[in-house]
Amino acid sequence: MMQKLEPLRADFPALSRTVRGGKPLIYLDNASTTQRPTSVVDAVSRYYTHYNSNIHRAVYEVAEEATEAYESARDVLARMVGVGDRRELVFVRGTTEAINLVASSWGRANVSEGDIIVTTEYEHHSNIVPWQLLAEERGARVEYVGVDDDGVLDLGDLGRFLDTGRVRMVAFSMVSNVLGTISDTARIVSMSKKAGARVLVDGAQAVPHMPVDIPSIGCDFFAFSGHKMLGPTGIGALWARRDLLEGMAPFHGGGDMIREVKKEGSTWNDLPYKFEAGTPDIAGAIGLGEAARYLAGVGLGSVRRHEEEITAHALDLLAGVPGLVVYGPRDPARQGGVISFNFADVHPHDVAQIMDSEGLAVRSGHHCAQVLMDRLGVAATTRASFYLYNTDAEAEALVASLKKVAGIFKV
Amino acid sequence: MSADIYHEMIVDYSRNPLNFGRLEDPHATFHDSNPLCGDSIGIDLRVEDGSVSGITFHGKGCAICMACSSVLTEMAKGKTVEEVRRIGKDDVLGELGLEHLQAVRIKCALLSLKVLKSALYGYIAEKGGDTGSLKEDAAGLY
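As given, the protein sequences belong to chains A and B, one line each in that order. Okay, so the first sequence: first residue is 0 according to numbering that gives the first Met the number 0, each after it adds one. Okay, so the second sequence: first residue is 0 according to numbering that gives the first Met the number 0, each after it adds one.
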C-alpha cells in the first residue's frame, strides 16, 4: 500500500540506531516529541558555528545574518500555517508558554469575578492549569466540556456553558494528545464566537500532522510547539489577531520588547517583539523554520494521508487482540495518528517496559491529561503515536509485542 | 535490564499482592503517589509493644510497585520499630532481584518504602519520640 514516505527515514539518523542489545529502534512516541531530520540539526549547528551572534541590534555582518535567519524562520513558519501578517506570529518556548502568555496578558485584563473559562476534559495540563491559575486570581471559574465514550467532545456542554452569557474564553485542542480525536473546530469556534467568547486553539497535535490554515479557523489565539513538528525543543509559536496583541499588556518585561525605557516608565516595541523579551532561542527558531521548510516540502496533506493509513492498519490489528481496550474514536478519519490503550489488567508501565525490550518506544502514564484519565476511569494508558517516518511494519511490531506482554503476564 | 525483570514472583505478586487491604484502627496511615506515573500507595500500620503487629497496603500501581509493596510489608511484619526504620532500598530491591532496576522505574519500586518511612515518622512524632533522620530518609529514597 503506502510507504511512499519511507525514503524519508534516511533523513532521520536516530531511526537507524538500535536499542536494548541490537533491536532496531521503533519510535512511536511522536505525540510527545518527534525525531529531527539532519537538515534541522544542521541548521541549528550552522548558526552556532558560522554566524553565532545576537539579533536585532548589532551592526556587524554576522549579526545581520543571524537576524535575517531568525526573521526568515518566522516567515517560513508563517507561510506553513497560512499566516499572512508576520507581526501576528510570536516566538515562544512552546505551546505551554503560549497559553500562559494569553492567560496572563489577555486573561488578567479581560476575565473578572463570576466569569467562566471553558476548556475540555481531554485537554493537556498546559491548557488547564494556566486557566485554573487565572480563574483563582480573578474569582472566575473553569468549566469542562465533557468527552463521550467515543472520545468526542459533547458540544451540548459547550452550549449550556455559553448560554450563561458569562463565558469569556473557550480553550481547546484541535487534536487530543491522548485519544487522537480531531475536534469539531469549526463548530466550536462558531458557537463560541456567536456567544461573544474569545477562542484559543491548542494546535500542538495538529500543526505537525495535517494542513492547518490558522486565519481561516476564525479563532483569536492559536498555539503550537516546534519539537512536535521535527523542530528543536524550547521553541514554539503563538498566533493572535493583531488587534488583540496590540491591546494586550506585555507578558515578560526586558530587553528587545521595549521602545523606550525611562525612570518613570516604559513604552513597548512593535509586534511581535513586544512579546519576545530577552534574547530568544535564536538557534531554536532557525531550526523550527527549517522544520517547517521540511514539512512543507513533504506536504502536510501527504503526512496526514500517511498517518491515516498507518492508524487504520494499527487499529485493524489491535481490534483482533483479546483483552485490549482502545480509547477514543477508533476511526482513522476522525483521529490523528494517536492510539491509547490498556491491555487486560497489565499496568501501562509494565506494557511499555516489555515493549521497550522489543525496541519499541511507546509512552505510558497519564500523558499530562489527568482530567481525561479520571473521565476514562483509569490511572494511565499506553500510547503509541505515529508520524511521517513510521511504517506499517512498525505498527505490526507494536501489535506483535503485545504477545510478549500476554506471555509474561499470562493474559 | 528490560523485560527480564518480570520474573514469576513479580508477576504473581502483581496479581495476588500480599498484605493488600486496609487495617481496622491503624496507629498510623500514610499515603503518597508518584505524580509522573500515577502509582498511588497507602500503608496502614499497627504497633504493639514496640513491634509492627499489623501492616497492610492499598492503592494501585504497576507490577514492580505492587510486588515491592508486597515484599516490604511482609518484611516489616513482626519487626521492631527500630528494625523497620533501618530497612533500606537495597533490602527491598534485593528481595526481588531488582538491584539493577533502571532509574526511571526506581520510584515504582521504592514508593511503598517511602510511604512506610513516612507512616513511621508520623507514628513516632505523634508519640513524641525521636524520629531521627526518618523524614530525610524517606525524602532521599529517589
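For each residue, glycine too, the CB sits at the ideal point set by N, CA and C. All values reported here derive from a predicted model rather than from experimental measurement.
Item to complete: With DSSP as the reference, please indicate the residues paired to Thr-55/B in a beta bridge.
Response: Residue numbering aside, residue 55/B sits at position 56 when the second sequence is read from its first letter. DSSP output for Thr-55/B lists Asp-43/B as bridge partner(s).
Discussion item. So, with DSSP's three-state summary, where would you put Asn-99/A?
Written reply: For the purposes of this step, residue 99/A is identified with residue 100 of the first sequence, where counting begins at 1. Reduced to three states, the DSSP call for Asn-99/A is helix.
Fill in: Contact with chain A by Val-114/B, beta-carbon distance below 8 Å
Sequence index remark: in the second sequence, residue 114/B carries index 115 (1-based). Cβ-Cβ to chain A under 8 Å: no for Val-114/B.
Worksheet entry | Gln-101/B versus Asp-391/A, His-348/A, Phe-385/A and Ala-392/A, residue with shortest Cα-Cα distance | On the second sequence, position 102 is the one that residue 101/B refers to. If we check each option's Cα against that of Gln-101/B, His-348/A comes out closest.
Item to complete: Assign Asp-28/A to one of three DSSP states: helix, strand, or coil.
Response: Taking the first sequence and counting its residues from 1, the one referred to as residue 28/A is at position 29. Asp-28/A: strand per DSSP, three-state reduction.
Item to complete: For Arg-362/A, name the three-state secondary structure that DSSP assigns.
Response: Within the first sequence, the letter at position 363 stands for residue 362/A. DSSP places Arg-362/A in strand when its eight states are reduced to three.
Item to complete: Give me the Cα-Cα distance between Ser-182/A and Ala-68/A, rounded to the nearest whole angstrom.
Response: To locate residue 182/A, count along the first sequence from 1; it is residue 183. To locate residue 68/A, count along the first sequence from 1; it is residue 69. If you take the alpha carbons of Ser-182/A and Ala-68/A, they lie about 35 Å apart.
Item to complete: Starting from the beta carbon of Val-10/B, find every residue of chain A whose beta carbon is closer than 8 Å, and list them in chain order.
Response: Within the second sequence, numbered from 1, the residue matching residue 10/B stands at position 11. Within chain A, the residues near Val-10/B are Ile-407, Phe-408 and Lys-409.
Worksheet item: Would you report the Cα separation of Arg-85/A and Pro-271/A, rounded to the nearest angstrom?
Response: Your numbering for residue 85/A matches position 86 in the first sequence. Your numbering for residue 271/A matches position 272 in the first sequence. Going by the C-alpha atoms only, they are around 8 Å apart.
Worksheet entry | Sequence-distant residues of the same chain with beta carbon closer than 6 Å to Ala-383/A, five excluded per side | Taking the first residue of the first sequence as position 1, residue 383/A is located at position 384. Once the five neighbours on either side are set aside, the close Cβ partners of Ala-383/A are Leu-27, Ile-338, Val-361 and Leu-397.
Practice prompt. Taking a Cβ distance cut-off of 8 Å, strictly less, list which residues of the region 385–408 of chain A are near chain B, in chain order.
Written response: Lys-403, Ile-407 and Phe-408
Worksheet item: By Cβ distance, which residues of its chain are closer than 7 Å to His-57/B, with the 5 residues on each side in sequence left out?
Response: Numbered from its first residue, the second sequence carries residue 57/B at position 58. Hits under 7 Å: Phe-19, Gly-20, Arg-21 and Gly-41.
Item to complete: Starting from Arg-167/A, follow the beta strand (DSSP E) in both directions and report where the run begins and ends.
Response: Stepping through the first sequence from its first residue, residue 167/A is reached at position 168. 166–172 is the span of the beta strand (DSSP E), which, as asked, contains Arg-167/A.
Worksheet item: Would His-305/A count as contacting chain B if we go by Cβ distances under 8 Å?
Response: Here residue 305/A refers to the residue found at position 306 of the first sequence. With 8 Å as the cut-off, His-305/A does not count as an interface residue toward chain B.
Worksheet item: Does the beta-carbon of Arg-104/B have 16 or more other beta-carbons within 10 angstroms, so that it is buried, or is it exposed?
Response: Here the question's residue 104/B lines up with position 105 in the second sequence. With 16 or more other Cβ atoms within 10 Å, it is buried.
Practice prompt. Could you say which of Ala-118/B, Thr-130/B, Tyr-12/B and Cys-107/B lies nearest to Val-51/B if we only look at CA atoms?
Written response: Position 52 of the second sequence, counting from 1, holds the residue named residue 51/B. Comparing Cα-Cα distances from Val-51/B to each of Ala-118/B, Thr-130/B, Tyr-12/B and Cys-107/B, the minimum goes to Ala-118/B.
Worksheet item: Do Thr-381/A and Phe-340/A have their C-beta atoms closer together than 8 Å?
Response: Here residue 381/A is taken as the residue at index 382 of the first sequence, counted from 1. Here residue 340/A is taken as the residue at index 341 of the first sequence, counted from 1. Yes, the Cβ-Cβ distance between Thr-381/A and Phe-340/A is below 8 Å.
Fill in: Same chain only: Cβ atoms within 7 Å of Glu-5/A, ignoring 5 sequence neighbours per side
Reading the first sequence from its first residue, position 6 is the one you call residue 5/A. Contacts found: Thr-390.
Worksheet item: Along chain A, which residues have their Cβ under 7 Å away from the Cβ of Ser-88/B?
Response: To locate residue 88/B, count along the second sequence from 1; it is residue 89. One point to set straight first is that residue 88/B is Lys, not Ser, in the sequence displayed. Under the 7 Å cutoff, chain A gives no residues; its nearest Cβ is about 19 Å from Lys-88/B.
Worksheet item: Assuming Pro-207/A and Met-228/A make a contact with CB atoms under 8 Å, what is their CB distance in whole Å?
Response: Start at 1 with the first residue of the first sequence, and residue 207/A comes out as number 208. Start at 1 with the first residue of the first sequence, and residue 228/A comes out as number 229. Yes, Pro-207/A and Met-228/A are in contact; Cβ-Cβ is about 4 Å, under 8 Å.
Discussion item. Just to confirm the assignment, what range does the alpha helix (DSSP H) spanning Arg-292/A have?
Written reply: As a first step, residue 292/A is located in the first sequence; it is residue number 293 there, counting from the start. Arg-292/A -> alpha helix (DSSP H) spans 281–297.
Fill in: Buried or exposed (CB count within 10 angstroms, at least 16 for buried), Met-0/A
The sequence position of residue 0/A within the first sequence is 1, counting from 1. Note that Met-0/A scores a pLDDT of 42, beneath 50, so its modelled location is shaky; the value from the coordinates is reported in the next line. By the 10 Å Cβ count, Met-0/A comes out exposed.
Worksheet item: Just checking my contact of Ala-170/A with Leu-199/A at CB under 8 Å: how many whole Å lie between their CB atoms?
Response: Looking up residue 170/A in the first sequence gives position 171. Looking up residue 199/A in the first sequence gives position 200. Contact flag correct, Cβ pair sits at about 4 Å.
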